[in-house]
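Trainee:
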Amino acid sequence: MPCVCLLLQFTPPCSQLKLCQCFNIDVTHPRIFTGPEDALFGFSVLQHESQGEKLMLVGAPWDGPPNNRKGDVYKCIVGEEKNSNCSKACAPLWSQECGTSMFSTGICASVSDDLEPRETIAPTAQRCSTYMDIVIVLDGSNSIYPWYEVQNFLSNILSKFHISSDQMQVGILQYGEIAVHEWSLKDYQTTQEVVEAAKNISRQEGRETRTAYAIHMACTEAFSTERGAREGATKVMIVVTDGESHDGEELADALDECDNRNITRYAIAVLGHYIRRQQDPETFISEIKYIASDPDDKYFFNVTDEAALNDIVDALGDRIFTLEGTLGYNESSFHMEMSQIGFSTHTLDDGILFGMVGAYDWDGGVLKEGANGRIMPPREAFESEFPLELKNHAAYLGYTVSSVIVGDWRRLYVAGAPRFKHKGKVILFELSNEGDVNIVQALNGEQIGSYYGSEVCGLDIDQDGITDVLLVAAPMFLGYGNKEAGRVYIYSLSGEEVFVSNGTLKAEEKSQDARFGYALASAPDLNQDGFTDLLVGAPLEDDHRGAIYVYHGDGIHIIHNYKQRIPGSSISPSLQYFGRSVSARLDLDGDQLIDLAVGAQGSAVVLSSRSIVQINVSLSFQPHSINVIQKTCQRGGRESACLNATACFTAISRSPGLHSNNFGIFLAVRVQTQKTLCYNLPFHVYDTADYIRPISFSLRFKINDTESGPVLDEGWPTTLKKYVNCGEDDVCTTDLVLNFSLCFLYRQKPYVIRSPRRRLAVEVQLHNRLENAYNTSLTLHYSRNLHFSSLSIRVDQTTTTHAPPRKMCHFNRLFSSLLQVNFMLEFEFSCTSLHSRVQMKLNAAR
23 MPCVCLLLQF
33 TPPCSQLKLC
43 QCFNIDVTHP
53 RIFTGPEDAL
63 FGFSVLQHES
73 QGEKLMLVGA
83 PWDGPPNNRK
93 GDVYKCIVGE
103 EKNSNCSKAC
113 APLWSQECGT
123 SMFSTGICAS
133 VSDDLEPRET
143 IAPTAQRCST
153 YMDIVIVLDG
163 SNSIYPWYEV
173 QNFLSNILSK
183 FHISSDQMQV
193 GILQYGEIAV
203 HEWSLKDYQT
213 TQEVVEAAKN
223 ISRQEGRETR
233 TAYAIHMACT
243 EAFSTERGAR
253 EGATKVMIVV
263 TDGESHDGEE
273 LADALDECDN
283 RNITRYAIAV
293 LGHYIRRQQD
303 PETFISEIKY
313 IASDPDDKYF
323 FNVTDEAALN
333 DIVDALGDRI
343 FTLEGTLGYN
353 ESSFHMEMSQ
363 IGFSTHTLDD
373 GILFGMVGAY
383 DWDGGVLKEG
393 ANGRIMPPRE
403 AFESEFPLEL
413 KNHAAYLGYT
423 VSSVIVGDWR
433 RLYVAGAPRF
443 KHKGKVILFE
453 LSNEGDVNIV
463 QALNGEQIGS
473 YYGSEVCGLD
483 IDQDGITDVL
493 LVAAPMFLGY
503 GNKEAGRVYI
513 YSLSGEEVFV
523 SNGTLKAEEK
533 SQDARFGYAL
543 ASAPDLNQDG
553 FTDLLVGAPL
563 EDDHRGAIYV
573 YHGDGIHIIH
583 NYKQRIPGSS
593 ISPSLQYFGR
603 SVSARLDLDG
613 DQLIDLAVGA
623 QGSAVVLSSR
633 SIVQINVSLS
643 FQPHSINVIQ
653 KTCQRGGRES
663 ACLNATACFT
673 AISRSPGLHS
683 NNFGIFLAVR
693 VQTQKTLCYN
703 LPFHVYDTAD
713 YIRPISFSLR
723 FKINDTESGP
733 VLDEGWPTTL
743 KKYVNCGEDD
753 VCTTDLVLNF
763 SLCFLYRQKP
773 YVIRSPRRRL
783 AVEVQLHNRL
793 ENAYNTSLTL
803 HYSRNLHFSS
813 LSIRVDQTTT
823 THAPPRKMCH
833 FNRLFSSLLQ
843 VNFMLEFEFS
853 CTSLHSRVQM
863 KLNAAR
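So that you can map any letter, position 303 of the sequence shown is 325 in our numbering, and since no number is skipped, the others follow by simple counting.
(1) If residue 420 and residue 379 are in contact, beta carbons under 8 Å, what's the gap, nearest whole angstrom?
(2) Measuring alpha carbon to alpha carbon, tell me which residue in 234, 850, 203 and 232 is nearest residue 219.
(3) Look up residue 511 in the DSSP assignment and give the residues it is bridged to.
(4) Report the three-state DSSP secondary structure of residue 807 (helix, strand or coil).
(5) Using a 10 Å radius around the Cβ and a threshold of 16 neighbouring Cβ atoms, would you call residue 701 buried or exposed?
(6) Taking the alpha-carbon positions, what's the residue 253 to residue 283 distance?
(7) Do residue 194 and residue 213 have their beta-carbon atoms positioned less than 7 Å apart in this structure?
(8) On the three-state DSSP scale, how would you describe residue 331?
(9) If you pair each beta-carbon of the stretch 303-313 with each one of the stretch 256-275, do three or more pairs fall below 8 Å?
(10) Do we get a CB-CB distance below 7 Å when we pair residue 622 with the residues of chain C?
(11) Is it true that the stretch 165-174 meets the stretch 383-392, where meeting means three or more beta-carbon pairs spaced less than 8 Å apart?
(12) What is the DSSP secondary structure of residue 705, counted as helix, strand or coil?
(13) Which one or two residues does DSSP pair with residue 589 in a beta bridge?
(14) For residue 440, does the count of other Cβ atoms within 10 angstroms reach 16, so buried, or fall short, so exposed?
(15) Between the stretch 596-606 and the stretch 507-524, are three or more C-beta pairs nearer than 8 Å?
(16) In the DSSP assignment, what are the bridge partners of residue 203?
(17) DSSP puts residue 745 in a beta bridge; with which residues?
(18) Label residue 70 either buried or exposed according to how many other C-beta atoms from any shown protein chain fall within 10 Å of its C-beta, with 16 as the threshold for buried.
(19) Using a Cβ-Cβ cut-off of 8 Å (strictly less than) and excluding sequence neighbours within five positions of residue 334, which residues of its own chain qualify?
(20) Please state whether the Cβ-Cβ distance between residue 793 and residue 846 is less than 7 Å.
(21) For residue 675 and residue 844, what's the separation of their Cα atoms in angstroms?
(22) Report the rounded CA-to-CA distance for residue 703 versus residue 761, giving the unit in angstroms.
(23) On a Cα-Cα basis, can you pick out the residue from 260, 631 and 277 that is closest to residue 50?
(24) By Cβ distance below 8 Å, which residues in the same chain neighbour residue 341 in space, the five residues on each side in sequence not counted?
(25) Among residues of its own chain, excluding the 5 on either side of residue 659, which ones have a beta-carbon nearer than 6 Å to its beta-carbon?
(26) Please go through the same chain and pick out, in chain order, the residues whose beta-carbon is closer than 7 Å to the beta-carbon of residue 394, but skip the five residues on each side of it.
(27) Please state whether DSSP places residue 306 in a helix, a strand or coil.
(28) Relative to the alpha-carbon of residue 472, which residue among 813, 450, 481 and 535 has its alpha-carbon at the smallest distance?
(29) When DSSP labels each residue in this structure, what does residue 661 get in the three-state scheme?
(30) Terminal residues of the continuous alpha helix (DSSP H) containing residue 425?
(31) Helix, strand or coil, according to DSSP, for residue 216 in the structure here?
(32) Going by DSSP, what residues sit across from residue 538 in a beta bridge?
(33) How long is the line joining the alpha carbons of residue 789 and residue 755, rounded to whole angstroms?
(34) Does the stretch 559-571 come within contact of the stretch 480-494, defined as at least 3 CB pairs closer than 8 Å?
(35) Inspect the beta-carbon positions of residue 391 and residue 127 and report whether they are closer than 7 Å.
(36) Work out the CA separation of residue 328 and residue 299 for me, nearest whole Å.
So, in structure tokens, the structure goes:
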């Protein structure tokens, strides 16, 4: 079969090792920014633009010295310099120590475009519940004995206080006949300092115990701002005395003054003086209970002697602040103390939606900060889907937050709770300005421990403003081999404005930990077809090297098969946990194409998109047809049929911006334009013996720069096959005409022949009035009393004789265009008494 193939600089677009499934995300020229691994640099990434400068913001939530890891945000300038550095932008508070507990209340810092801090956003006051000003009113009269036991008590109780500017401050006022400020609230800022100071306090002495005078002085002076009292701090007074006051008539006025100033009083009666003198302490105890705040069982203590003061140190400490570090006695404390506001955030047109995963004993919650102020629904607002009796199950509502737009441009907020009943849940709800919650829909996980709802992502695929698809990740979903393969659930918006299940996305089908779906991100349009696309991170794939997957949108759906998989090993062999975070919203390199930002362990990577082109190819021949029987030229001393093929290439780009590039067929394509280049390709045909098929001409092409230049549109053909002698439409259209005449012809059909002669001659004329006819056959049907004798063909005065003993003969197999052939069929009669019949049918395969 004659065939000519043109191969233009063809090489396979991907290596045979299958390190990548390639499309238009460039993996050969990554920009890699590095930071401290122990700070979890790369935990989150966000593309950002400030004053025309393209940035990548990288979160490092564990940044800082070992004893003060408040976290940091780095800004990495994505400029022309290949190895640009990252610098710290801000350091929001990650958690704080309150008492003996580390409370992760969370705080969000609002910053300007150039990353200058403006204000902070928090669910409640960020002060510890141990934010207290404590004044100890200490009886130093002569009756107190031995004094060193009092010093031991002071050292022990003060060592339990958490002294700092943002927690507790302590002052001591000692009294007898007079009152003296041993030190003020502002004098010492560490626990060690106050403990050491207590060891050096000497007894004032005095024959009178003027308790009312000392309490009044403490209320009016010791708790004054001049001595370091802080606005908003809880005021606590501890009165320690061993006898009735000598100014008891003034006690009522002193206590009223304390009540007016919201000072809580603990009172300790030391009975040693009464026991040593064998006196009844009943009146004394009544007075000390009167001094103490109500109820007595919480604020009143009595001890047998000075040495026994140390026996109540723990009880007194626990009553001042519980072990969780909050004011109160045997009360639940975890409402907002562990809220971790900012664990997830979502930007809205009128504000920001925050997830508070640790609120309400880790049941979780949400907070909206916007034009209408701060909206924080109470725990009971979500009771229909998160029953209060399950409060100990730690649903983690707010682990992720987002929003969707459904019919009539109605906005629904979305929040994930990946630990609800251990299977996870996602709720879609409305939130009024008054904090009222209307839960519209709830989606539930199916596998225990899958962390369903840890990531959600809404996609407006056709970019009409209405959310088409909601994606919910379950990154710990156990797959083949009992591995954490991960899964992403697809929910499509129905006509009833609810989301219905529409299949799942999965990682590669092999037994491995992947955590597919650990990160999700919408990409405006990566392949430039007008539809929104999707990125999915799988940071544990390939032995924790990680990978990301690119999925394309189509219409109002997401295509379930990924278009490109980018493993971390194809970027750099040192990358770990590649895909733990993703962002795709800006053009970072200035080519007007959306680029990718991907977080890894200690690294952040920028990957550029590549332009997409369509190459249309046309082939034409001169002459349009050739006579394969007659040779028209010589090549290498051999006769051949010669003609010229003209190949024309037209490249079209739908990319918003495309610079000149070498496509391998040397086409220069610019913004939304097309250019056609044609090439003259002479060729010749030596062998024309096969007349069954027409001559075919095959062209295969590709884009030359497979590493960084444009890529061919997905599914676009890279081969073209045309047939010579079949016109421009590649289809041989024939018009075969068969005429014949014979002796003794009667007018009826089929022809009936009667003759006394023993031989019969039939003259046939074939004419092809259009294009070449290939694989042409002539079928004869004749009665049994006829025997086929010979076939004589006349073409251009040349006669060839055949005598095939069959009823179908392939005549020459080719009828060239406009060719006329005459031939003579001869038969012999076997019996003259029988009627004879002859029928003919002419066919051409092409």
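Beta carbons: idealized from backbone N, C-alpha and C, even for Gly.
Mentor: Per the coordinate set shown:
(1) In this structure residue 420 touches residue 379 by the C-beta definition: roughly 5 Å separates them, less than 8 Å.
(2) That would be 203, whose Cα lies nearest to the Cα of residue 219.
(3) Answer is 494 and 526.
(4) In the three-state DSSP reduction, residue 807 falls in the coil class, being neither helix nor strand.
(5) With fewer than 16 Cβ atoms within 10 Å of its Cβ, residue 701 is classed as exposed.
(6) Their backbone Cα atoms lie some 12 Å apart in a straight line.
(7) Here residue 213 is not near residue 194, since their CB atoms are 7 Å or more apart.
(8) Note: residue 331 maps to helix in three-state DSSP.
(9) When Cβ pairs closer than 8 Å are counted between the two stretches, the stretch 303-313 is seen to touch the stretch 256-275, the count reaching three or more.
(10) Absent from the structure: chain C. Only one protein chain is present.
(11) Counting Cβ pairs under 8 Å, fewer than three are found: no touch.
(12) Here residue 705 sits in strand by DSSP.
(13) Residue 589 pairs with 569.
(14) Buried: at least 16 other Cβ atoms inside 10 Å.
(15) Output reads no: the stretch 507-524 does not touch the stretch 596-606.
(16) By DSSP's assignment, residue 203 forms a beta bridge with 195.
(17) For residue 745, the pairing in a beta bridge is given by DSSP as 718.
(18) Buried.
(19) Taken in chain order, the residues that qualify are 290, 323 and 325.
(20) No.
(21) Taking the straight line from one Cα to the other gives about 56 Å.
(22) In a straight line, the C-alpha of residue 703 is about 41 Å away from that of residue 761.
(23) With distances taken between CA atoms, residue 50 lies nearest to 631 out of 260, 631 and 277.
(24) 288, 320, 321 and 351, listed in sequence order.
(25) Sequence-distant Cβ neighbours of residue 659 in its own chain, meaning closer than 6 Å and more than five residues away, do not exist here.
(26) Non-local beta-carbon contacts of residue 394 in its own chain, meaning distances under 7 Å to residues more than five positions away in sequence, involve 455 in chain order.
(27) Judged by DSSP in its simplified three-state form, residue 306 adopts helix.
(28) Residue 535 is the option with its Cα nearest to residue 472.
(29) Strand.
(30) For residue 425, there is no enclosing alpha helix (DSSP H); the enclosing beta strand (DSSP E) covers residues 422-428.
(31) When DSSP states are grouped into helix, strand and coil, residue 216 belongs to the helix group.
(32) Its beta-bridge partners are 508.
(33) Looking at the two C-alpha atoms, the distance is approximately 14 Å.
(34) Between the stretch 559-571 and the stretch 480-494, the count of C-beta pairs closer than 8 Å stays below three; the two stretches do not touch.
(35) Between residue 391 and residue 127, the C-beta gap is not smaller than 7 Å, which leaves the two residues out of contact.
(36) Note on geometry: alpha-carbon atoms of residue 299 and residue 328 lie some 15 Å from one another.
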